[in-house]
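What follows is a short report on a single structure.
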Amino acid sequence: YAWPYFYTIKRDLPLTDVELLAVVKQLQEDDRGRDNYSSSATSSSFAVNKPVKMFAFDPNTLDEAGFVRLGLPPRTARTIINYRNKGGRFRKPDDLRKIYTLRHEDADRLVPYVRIAGMQQESSGYIAQRSEVKPLTRIDINAADAGTLEQLPGIGKVLSERIVRYREALGGFYSVQQLKEVSGINEQLFEQIRPQLMLQSGKHQQWSLAKITKEQLSQHPYCSKATAEAIIRFRQVKGVIRSVEELKTITEVSPEILARLLPYLKTDTD
């Protein structure tokens, strides 16, 4: 009895999102054989890290070429178009994440740029609210929590939490450039988020040279055990240190390390 496989129920109600996604997933399976021939060439072309210029977009209207310009593989771009062609709609930015072939890191990168225009009333009775395109706000990297940092383009949950942990280990940032020291933030990503970063001065911690211990010093990311020992020896020989600039005379510590570390130290006269 083969007829059940070809029998189709005629329905007037629109497909639900779950049903639409199931249809799109089946289309992907059907396309797999046709894509095998060109998949290796496509994969290799996207394996090269090419600079991607991000722009605001409406996922309900952007064409396939537009998604490719945003850095998505053609297969993923086609999946989004197939989803829309079957009646699927994106009602909020995070709806992009329900596309099966969209990688988590790509979703994290795209979602902040989603600008969904007002939608017409659908047969389900749902009317989507019109979202206004708001100017990108600047974030104080010394005050922002992980949830706020996650709003930056390309900064997902993992990176935002990593930034907070590194900030706590440092005792706060004294320069936005320090974000490049966080594992996972390369030069390209930093330049992408830099316009949205700000830093209020005086928000990082400073430790007293007269009171800090060798153990406390060596716990700082910029200070090795050997550097901490050299600073403590200098303090013991010198006695009173009137300016942190005096530490630059320590020959056992490189000027580069001292330049990074000194903003976190102070004297009792500072």
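When we follow my numbering, the leftmost residue of the sequence shown carries the number 111, and every step to the right adds one.
Even for Gly, the Cβ is constructed at its ideal location relative to N, Cα and C.
Nothing here was measured: the structure is a model prediction, and the numbers come from that model.
Determine, using beta-carbon pairs with one atom in the stretch 187–206 and one in the stretch 247–261, whether at least three such pairs fall under 8 angstroms.
no
Which full runs of the alpha helix (DSSP H) of 4+ residues lie inside the stretch 297–324, going along the chain?
297–303
From 370, 376, 267, pick the residue whose C-alpha is nearest to that of residue 345; which is it?
Residue 345 has its Cα closest to that of 376, out of 370, 376, 267.
Of the residues 378, 297, 355, 269, which one's Cα is nearest the Cα of residue 369?
355
Taking 8 angstroms as the cut-off, decide whether the C-beta atoms of residue 167 and residue 176 are in contact.
yes
So, for residue 270: in the same chain, excluding its five sequence neighbours on each side, which residues have a beta-carbon less than 6 angstroms away from its beta-carbon?
The beta carbon of residue 270 lies closer than 6 angstroms to those of 256, 259, 260 in the same chain, with the five residues before and after it left out.
With DSSP collapsed to three states, give me the class of residue 108.
Here the chain covers residues 111 to 380 and nothing more, so residue 108 does not appear.
Could you tell me which whole alpha helix (DSSP H) segments of length 4 or greater appear in the stretch 343–376?
Whole alpha helix (DSSP H) segments, 4+ residues: 365–371.
Going by alpha carbons, who is nearest to residue 320 out of 336, 365, 353?
353
Taking all protein chains shown into account, decide if residue 298 is buried (16 or more other Cβ within 10 angstroms of its Cβ) or exposed.
exposed
With C-beta atoms as the reference, is residue 252 less than 8 angstroms away from residue 300?
Residue 252 is not a Cβ neighbour of residue 300, given a cutoff of 8 angstroms.
Looking at the strands, I want to know which residues DSSP matches up with residue 224.
167
Can you tell which of 328, 308, 307, 264 has its C-alpha closest to the C-alpha of residue 317?
328
Near residue 186, which residues of its chain fall below 6 angstroms by C-beta distance, leaving aside the five closest residues on each side in sequence?
211, 212
Closer than 8 angstroms is the cut-off here; do at least three beta carbon pairs connect the stretch 335–345 with the stretch 278–297?
no
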